Amino acid sequence: MRSFKNFFYDYFSLGKHNTSVRTEFLAGVTNYFTLIYAVMLVPEIIVEAFGLINGDVSRQMLIALTAISFIAAGLGSIFIGLFVNLPFVQGPSVAIATFITYTVCKGFGYSYNQALAMVFISGILFFILDITGMEERIHKSIPNNLKYAVSTGIGLLVAMTGLAKAHIINFDSKSSYAHIFSLDFSNSHNISAILAIFMVFVIVIMLKRHIHGAIFIGKILCIIIAIPLGLVHFNKEILAEFSIDFSFFAFKMDFAGLFDFSSKEGLYRSLTNVIIIVLSLCIMNIFETMSMFIAMDNYVAISHDGVKKKRNVPRILEADAITTALGASIGSPTVSTYVESTTGVIEGGRTGLTAVITGVLFILTVPFTPLVSLVPSAATATTLIVAGVMMMGVAKLIDFENITEAVPAFLAMFLMPITNSVLIGTSMGVISYVLIHVFVKKEKLSPFLYFLGFVMVIAFAILPR
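Per my numbering, residue 387 is the first one in the sequence shown, and the count goes up by one each step.
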């Protein structure tokens with residue numbers, strides 16, 4: 387047992403990072419419980435690409451997609467933990483899953499297996515761009531105010547996601563405004579909201595008292611309290627369904643179906659469509675990853691172990707490209723880094739051991755995929771709310787006294803939670819920054835920032851609405 391402990395300390399340099407196996411374990415488990423909702427959301431979006439399929443086939447496909455999402459999240463997190471030694475957790479992208487379902491499959495008419503082939507190609511292209519150093523140069527060209535704004539905006543988005551998941555705030559089609567919960571205890575949503583708020587207070591008190599593992603303890607307590615409150619629903623049919631059929635999607639990428647060889651016109655049209663979609667996937671992947679990186683870079687130093695950023699940044703991006711291609715081969719949409727990784731960082735995670743533990747837990751969950759729906763939304767929401775609030779701390783570093791800096795920062799911050807999209811907020815922040823500094827300040831910017839602004843225009847144009 388001691389030899390294993392020594393191995394962890396040596397491989398992950400736990401001593402240099404002032405952390406321990408226990409701390410990393412708690413952080414990894416916290417990430418796992420926090421990210422279950424995101425991993426499970428992706429298959430629910432993807433299954434819509436197949437239309438209305440009734441009966442056992444639909445249920446089996448959803449179970450298979452959920453299991454694949456857990457495998458992709460597990461392998462991605464383990465890979466980045468071992469390869470980069472940072473507490474970043476990966477999994478299928480919700481934003482890109484939405485783009486694939488409603489734009490690629492329903493819009494362009496491609497099958498999901500053909501979409502997987504294009505995701506695989508985008509991962510290869512992503513890797514090529516990384517080894518040329520393009521992403522890192524772009525990252526360096528981004529001004530600090532925008533980086534802080536992106537971090538703050540992501541914090542707002544994460545906190546808003548938690549508020550919505552716990553039904554503290556609710557949206558309906560009749561109003562453009564959110565309305566808050568009521569004190570009607572006959573409604574389970576209101577009970578969930580009150581429980582989540584109560585547990586947020588408990589976590590805040592524990593954090594203030596410097597109780598180690600406060601977020602994890604709060605989440606476990608929330609799950610326990612939720613059971614007698616009727617927020618955990620045991621379904622006998624779900625518990626009895628443990629068979630998983632991976633034959634629908636695993637290693638079923640359809641490259642041949644991407645091209646129409648029946649005529650020159652058909653080949654040209656199909657080739658053009660593939661190029662547009664692959665570039666769109668690649669752009670979304672690059673900037674979703676960079677948005678997450680900006681947030682994490684402001685919260686936990688990427689170079690905290692003395693390793694220069696120029697060494698770590700390419701590794702993060704290379705890992706993202708590799709896991710994207712690997713995920714597509716097993717049936718998952720684009721794999722990217724989850725911003726909710728900050729929950730593990732807040733819990734004390736500082737090394738790749740946190741990511742490895744989270745990844746192993748995802749892999750171990752696969753045989754029990756139907757059971758994950760038993761985790762109450764209130765338990766996930768408490769962590770998201772606390773993590774989101776703490777991420778917003780960098781807002782104090784934004785120069786709001788300079789209007790040319792304040793407006794782009796404002797757009798980046800507030801469009802994220804309003805549109806529920808990191809990409810929209812980031813793209814509007816970058817585009818407005820470039821335009822203001824060119825036409826108002828008449829200031830020359832880095833050529834890479836001009837390039838970033840141009841690509842952001844493309845990204846904004848192809849984002850799923």
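All C-beta atoms, glycine included, are put in the ideal place defined by N, C-alpha and C. What you are looking at is a predicted structure, and each value in this text was computed from that prediction instead of being measured.
By alpha-carbon positions, which one of the options ends up nearest to residue i?
{"i": "isoleucine 432", "options": "Thr409, Pro833, Ser508, Thr720", "result": "Thr720"}
{"i": "methionine 852", "options": "Glu674, Ser508, Pro756", "result": "Because the chain here runs from 387 to 851, residue 852 falls outside it and cannot be looked at."}
{"i": "valine 772", "options": "Ile702, Gly738, Gly730", "result": "Gly730"}
{"i": "isoleucine 507", "options": "Lys594, Gly713, Pro614", "result": "Gly713"}
{"i": "glycine 660", "options": "Leu644, Tyr836, Thr416", "result": "The sequence given here places valine at residue 660; glycine does not occur at that position. Of the candidates Leu644, Tyr836, Thr416, the one whose C-alpha sits nearest the C-alpha of valine 660 is Leu644."}
{"i": "proline 762", "options": "Asp396, Arg408, Ile422", "result": "Ile422"}
{"i": "isoleucine 486", "options": "Ile732, Pro429, Pro614, Leu783", "result": "Pro429"}
{"i": "alanine 545", "options": "Ile464, Leu665, Phe800, Val824", "result": "Phe800"}
{"i": "phenylalanine 634", "options": "Phe419, Ile454, Ile555, Thr658", "result": "Ile454"}
{"i": "leucine 405", "options": "Ala781, Thr740, Asp640, Asp516", "result": "First, the amino acid is wrong: residue 405 is threonine here, not leucine. Answer by Cα proximity: Thr740."}
{"i": "lysine 605", "options": "Thr416, Thr409, Thr805", "result": "Thr416"}
{"i": "phenylalanine 837", "options": "Ala435, Val742, Ile749, Met520", "result": "Met520"}
{"i": "glutamate 726", "options": "Ile591, Leu770, Phe754, Val746", "result": "Leu770"}
{"i": "isoleucine 583", "options": "Gly548, Ile514, Phe411, Asn471", "result": "Gly548"}
{"i": "methionine 777", "options": "Tyr534, Val470, Phe840", "result": "Tyr534"}
{"i": "isoleucine 844", "options": "Pro833, Ile810, Tyr819, His823", "result": "Ile810"}
{"i": "alanine 707", "options": "Thr766, Leu511, Ile457, Arg408", "result": "Leu511"}
{"i": "phenylalanine 419", "options": "Leu451, Met842, Leu835, Leu747", "result": "Leu747"}
{"i": "alanine 413", "options": "Glu791, Val841, Leu472", "result": "Leu472"}
{"i": "glutamate 733", "options": "Ile601, Val780, Val775, Ile784", "result": "Ile601"}
{"i": "serine 479", "options": "Ala459, Val490, Ser537, Leu468", "result": "Ala459"}
{"i": "phenylalanine 474", "options": "Ile822, Arg736, Asp558, Val752", "result": "Arg736"}
{"i": "lysine 782", "options": "Asn530, Phe469, Phe456", "result": "Asn530"}
{"i": "glutamine 446", "options": "Thr755, Phe825, Ile822", "result": "Thr755"}
{"i": "leucine 427", "options": "Ala483, Leu400, Phe411", "result": "Ala483"}
{"i": "alanine 435", "options": "Ile466, Glu704, Tyr395, Gln500", "result": "Gln500"}
{"i": "serine 574", "options": "Glu791, Ile554, Ser399, Val590", "result": "Ile554"}
{"i": "leucine 448", "options": "Val752, Ser648, Leu835, Leu667", "result": "Val752"}
Start and end of the beta strand (DSSP E) containing residue i?
{"i": "threonine 723", "result": "721-723"}
May I ask which residues mark the beginning and end of the alpha helix (DSSP H) holding residue i?
{"i": "glycine 477", "result": "Looking at the DSSP string, glycine 477 is not in any alpha helix (DSSP H); the run it does join, the beta strand (DSSP E), is 476-478."}
{"i": "methionine 777", "result": "763-777"}
{"i": "histidine 575", "result": "574-594"}
{"i": "serine 508", "result": "498-517"}
{"i": "phenylalanine 602", "result": "600-612"}
{"i": "isoleucine 431", "result": "407-432"}
{"i": "asparagine 531", "result": "530-551"}
{"i": "isoleucine 749", "result": "738-751"}
{"i": "proline 756", "result": "Run containing proline 756: none; DSSP gives neither H nor E here."}
{"i": "isoleucine 630", "result": "Note, isoleucine 630: premise wrong, no alpha helix (DSSP H); not H, not E."}
{"i": "glycine 495", "result": "Premise fails: glycine 495 is in no alpha helix (DSSP H) and is neither H nor E."}
{"i": "isoleucine 732", "result": "728-732"}
With 16 as the cutoff for other CB atoms within 10 Å, does residue i come out buried or exposed?
{"i": "alanine 564", "result": "exposed"}
{"i": "threonine 518", "result": "exposed"}
{"i": "lysine 526", "result": "exposed"}
{"i": "valine 664", "result": "buried"}
{"i": "lysine 402", "result": "exposed"}
{"i": "leucine 438", "result": "Since pLDDT at leucine 438 reaches only 49, below the 50 mark, its modelled position is unreliable, and the value read off the structure follows with that caveat. Counting Cβ neighbours within 10 Å, leucine 438 comes out exposed, since fewer than 16 surround it."}
{"i": "lysine 827", "result": "exposed"}
{"i": "serine 858", "result": "This structure leaves residue 858 out entirely; the chain is present only between 387 and 851."}
{"i": "threonine 658", "result": "exposed"}
{"i": "asparagine 788", "result": "exposed"}
{"i": "lysine 551", "result": "buried"}
{"i": "glycine 493", "result": "exposed"}
{"i": "alanine 847", "result": "exposed"}
{"i": "histidine 596", "result": "exposed"}
{"i": "arginine 655", "result": "exposed"}
{"i": "alanine 642", "result": "exposed"}
{"i": "asparagine 671", "result": "buried"}
{"i": "glycine 692", "result": "Per-residue confidence for glycine 692 stands at a pLDDT of 44, beneath the threshold of 50, marking its modelled position as unreliable; the derived number appears in the next sentence. Label assigned to glycine 692: exposed."}
{"i": "isoleucine 464", "result": "buried"}
{"i": "aspartate 442", "result": "Its pLDDT being 48, under 50, aspartate 442 is placed unreliably by the model, and the measurement read from it follows with that caveat. So aspartate 442 ends up on the exposed side."}
{"i": "glutamate 410", "result": "buried"}
{"i": "aspartate 396", "result": "exposed"}
For residue i and residue j, which I take to be in contact (beta-carbon distance under 8 Å), what is that distance rounded to the nearest angstrom?
{"i": "leucine 532", "j": "proline 794", "result": "6 Å"}
{"i": "glycine 815", "j": "leucine 797", "result": "5 Å"}
{"i": "alanine 764", "j": "serine 578", "result": "5 Å"}
{"i": "serine 718", "j": "glutamine 476", "result": "Their Cβ separation, rounded to whole angstroms, is 11 Å, which puts serine 718 and glutamine 476 out of contact at 8 Å."}
{"i": "serine 537", "j": "valine 775", "result": "So it is not a contact: roughly 13 Å between Cβ atoms."}
{"i": "isoleucine 702", "j": "valine 470", "result": "6 Å"}
Contained alpha helix (DSSP H) runs [length at least 4] in the region 795-847, N- to C-terminal order
As far as the region 795-847 is concerned, its whole alpha helix (DSSP H) runs of at least 4 residues are 808-825.
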